[in-house]
Amino acid sequence: MAGDPELNQAEGQQYRQQSTVRETTARNTVSPNMAILLGILFIAILFRFHNITLPLVDAFSWRETSTAMMADNFQQRSWNIFFPEVSWTGPGPSYQGREFQIVSYLTAILYQLFGWHDWFGRMIAALFGLVTVFSLHRLTALCWGETHAHAAALAYALMPAAIMIDSSFLPDPSMLALVTLGVWLFTKYWTGGSAWLLPFATASFSLGVLAKPPGLAAGGVIFYLMVCWLLQNRRKHAAKVFISGLVSLFVIGAYYSWAIYLGRTYPPFHVAGSGYIWDSGFWTFFNNDFYFKSVWNTSVWWFYGYPFMILMAVGFWMPPQP
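Final position of the sequence shown in the working numbering is 324; the numbers increase by one with none missing.
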């Protein structure tokens, strides 16, 4: 009986069917780490979509109003994204040198499709905030593991200022989301991921910096990893990253050169970002004690609060696990 071919064939078929069922069940079952990530995203949704229909009367109302005006003018006057226009300067055109208008342009598209609602801009910003939570989680998991990823993503999901900004009609949420996504995709590429990750990472990072220039600071991470490849004699990989970086910087530089030209050519002759170090001078940092008091107040009352700051202070003195 043990050598019966028909019996052996039937047992083999039954084993394959059982294996297929187990594999299908495993694929359809949500892992604990995935369940935790979904829970964190749900928490982020609750906080960012709370009072999402609130009019633009909160702390950033002055900046939100300008963003909303540009969205209105895209939909009502011109769909040319390279000519952002405000409505607070009298008879137009009132083009200004602004960041690349990702949030306002997407909002204008929603106006065109579903009619005008002043909370569409907040909704777009909140969705970008969720992208940040997810990308931060996956980036942290790639570097330090799932436990650290849960902690980092949950901290960002609950951070008061992040909640406030992510639900405001501002370009900042798109900048942070796209830059974080780009750094995560590049890190995946650096650790041996597919070659297609590099162009996607470059595009995402570039759009993030176009959305708001401070995102360029995250490029230091990419530069550092490129140098690591050079030290490992992986010059071919480093060359690809270097070329991608040059393309990114060229696009970013070209757009902001255009934005400066636009702002200096049309009334009210305004370029966003004025009043910074290039206007006030380098020594203004020293004259104002590096704005330490402002940084402290912002950290305590806006971004972190005392609980998170205590955790960070403790974490700085905890030795890494071997």
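The C-beta atom is built at its ideal place from N, Cα and C for all residues, glycine as well. From a predicted model like this one, the values you see are computed outputs, not experimental measurements.
- Query: Is the Cβ-Cβ distance between Pro331 and Thr91 less than 8 Å?
  - Reply: Past the boundaries of the shown model lies residue 331; the chain is included only from 3 to 324, so the question cannot be answered.
- Task: Thinking Gly123 and Phe171 are a contact (beta carbons under 8 Å), I'd like their distance in whole angstroms, please.
- Result: About 3 Å; that satisfies the 8 Å criterion.
- Message: Assuming Val133 and Ala179 are in contact, meaning their beta carbons sit under 8 Å apart, how far apart are those beta carbons, in whole angstroms?
- Response: Cβ-Cβ separation between Val133 and Ala179: approximately 4 Å, consistent with a contact (criterion under 8 Å).
- Message: Please state the DSSP three-state secondary structure of Tyr293.
- Response: In the structure shown, Tyr293 sits in a helix (DSSP, three-state: H, G or I).
- Message: In whole angstroms, give me the CA-to-CA distance for Leu58 and Arg65.
- Response: So the two alpha carbons sit approximately 9 Å from each other.
- Message: In the DSSP output, which residue or residues are listed as bridge partners for Gly99?
- Response: Gly99 is bridged by DSSP to Val273.
- Query: Relative to the alpha-carbon of Ser137, which residue among His119, Ala127, Tyr158 and Ile126 has its alpha-carbon at the smallest distance?
  - Reply: For the options His119, Ala127, Tyr158 and Ile126, the alpha carbon positioned closest to that of Ser137 is the one of Tyr158.
- Euclidean distance between Cα positions of Asp281 and Ile111: Approximately 36 Å between the Cα atoms of the pair.
- Query: Roughly how many angstroms separate the alpha carbons of Val302 and Leu313, rounded to a whole number?
  - Reply: Between Val302 and Leu313, the C-alpha separation is close to 13 Å.
- On the DSSP bridge assignment, give the partners of Glu87 in chain order. In the DSSP assignment, the residues bridged to Glu87 are Tyr97.
- Task: For His152, collect the residues of the same chain with a Cβ closer than 6 Å to its Cβ; drop the 5 residues on either side in sequence, then sort them by chain order.
- Result: Excluding positions up to five away in sequence, the list reads Ile38.
- For Tyr191, which residues of its own chain have a beta-carbon under 8 Å away from its beta-carbon, when the five flanking residues on both sides are left out? Annotation for Tyr191: Ala197, Leu199, Leu200 and Ala203 place their beta carbon closer than 8 Å to its own, counting only its chain and skipping 5 residues before and after.
- Three-state secondary structure (DSSP) of Phe225: It is helical.
- Query: Taking the alpha-carbon positions, what's the Ala256 to Ala274 distance?
  - Reply: CA-CA distance, Ala256 to Ala274, rounds to 16 Å.
- Determine the DSSP secondary structure at Asp120, reduced to helix, strand or coil. Of the three classes helix, strand and coil, the one that applies to Asp120 here is coil, per DSSP.
- Query: For Gly307, which three-state DSSP category applies?
  - Reply: Under the three-state reduction of DSSP, Gly307 is assigned to helix.
- Item | Given Val253 as reference, the closest of Phe225, His139, Phe85 and Leu212 once Cα atoms are compared | When C-alpha distances from Val253 are compared across Phe225, His139, Phe85 and Leu212, the shortest belongs to Leu212.
- Task: If I'm right that Gly217 touches Met177 with Cβ under 8 Å, what's the distance once you round it to whole angstroms?
- Result: The beta carbons of Gly217 and Met177 sit about 5 Å from each other, so the pair counts as a contact at 8 Å.
- How about Phe76 and Tyr107: are their beta carbons less than 8 Å apart? Their beta carbons are under 8 Å apart, which means Phe76 touches Tyr107 by this criterion.
- Which first and last residues belong to the alpha helix (DSSP H) in which Phe213 is found? One point to set straight first is that residue 213 is Ala, not Phe, in the sequence displayed. For Ala213, the uninterrupted alpha helix (DSSP H) segment begins and ends at Leu199 to Ala213.
- Between the Cα of Trp121 and the Cα atoms of Gly99, Arg236 and Ser63, which residue gives the shortest distance? When each option's Cα is compared against that of Trp121, the closest is Ser63.
- Message: On the criterion of 16 or more Cβ atoms from any shown chain inside 10 Å, does Leu183 qualify as buried, or is it exposed?
- Response: Leu183 is buried by the Cβ-count criterion.
- Which one of Ala46, Tyr263 and Asp291 has the shortest CA to CA distance from Pro86? Nearest option by C-alpha distance: Tyr263.
- Straight-line CA distance for Phe292 to Phe225? Going from the Cα of Phe292 to the Cα of Phe225 covers about 27 Å.
- Query: Which value, in whole angstroms, describes the spacing of the CA atoms of Val243 and Ser208?
  - Reply: If I take the Cα positions, the gap works out to 13 Å.
- Item | 6 Å CB neighbourhood of Ile104 in its chain, flanking five on each side removed | Taken in chain order, the residues that qualify are Ser176 and Ala213.
- Residues in its own chain within less than 8 Å of Asp60 by CB, not counting five upstream and five downstream? Result list for Asp60: Glu66, Met166 and Ser170, in chain order.
- Would Phe44 pass as a contact of Ala128 if the rule is Cβ separation under 8 Å? The criterion of a C-beta distance shorter than 8 Å is not satisfied by Phe44 and Ala128.
- May I ask which residues mark the beginning and end of the alpha helix (DSSP H) holding Gly41? Run containing Gly41: Pro34 to Arg50, per the alpha helix (DSSP H) assignment.
- Item | Where the alpha helix (DSSP H) through Val181 begins and ends | Element bounds for Val181: Asp174 to Trp192.
- Query: Less than 8 Å separating the beta-carbons of Val135 and Ala220?
  - Reply: Not in contact: Val135 and Ala220 (Cβ atoms no closer than 8 Å).
- Query: By DSSP, does Thr55 sit in helix, in strand, or in coil?
  - Reply: If DSSP states are grouped into helix, strand and coil, Thr55 belongs with coil.
- Message: When you compare the CB positions of Gly99 and Ala261, do they come within less than 8 Å of one another, or not?
- Response: One thing to note: Gly99 has its Cβ within 8 Å of the Cβ of Ala261.
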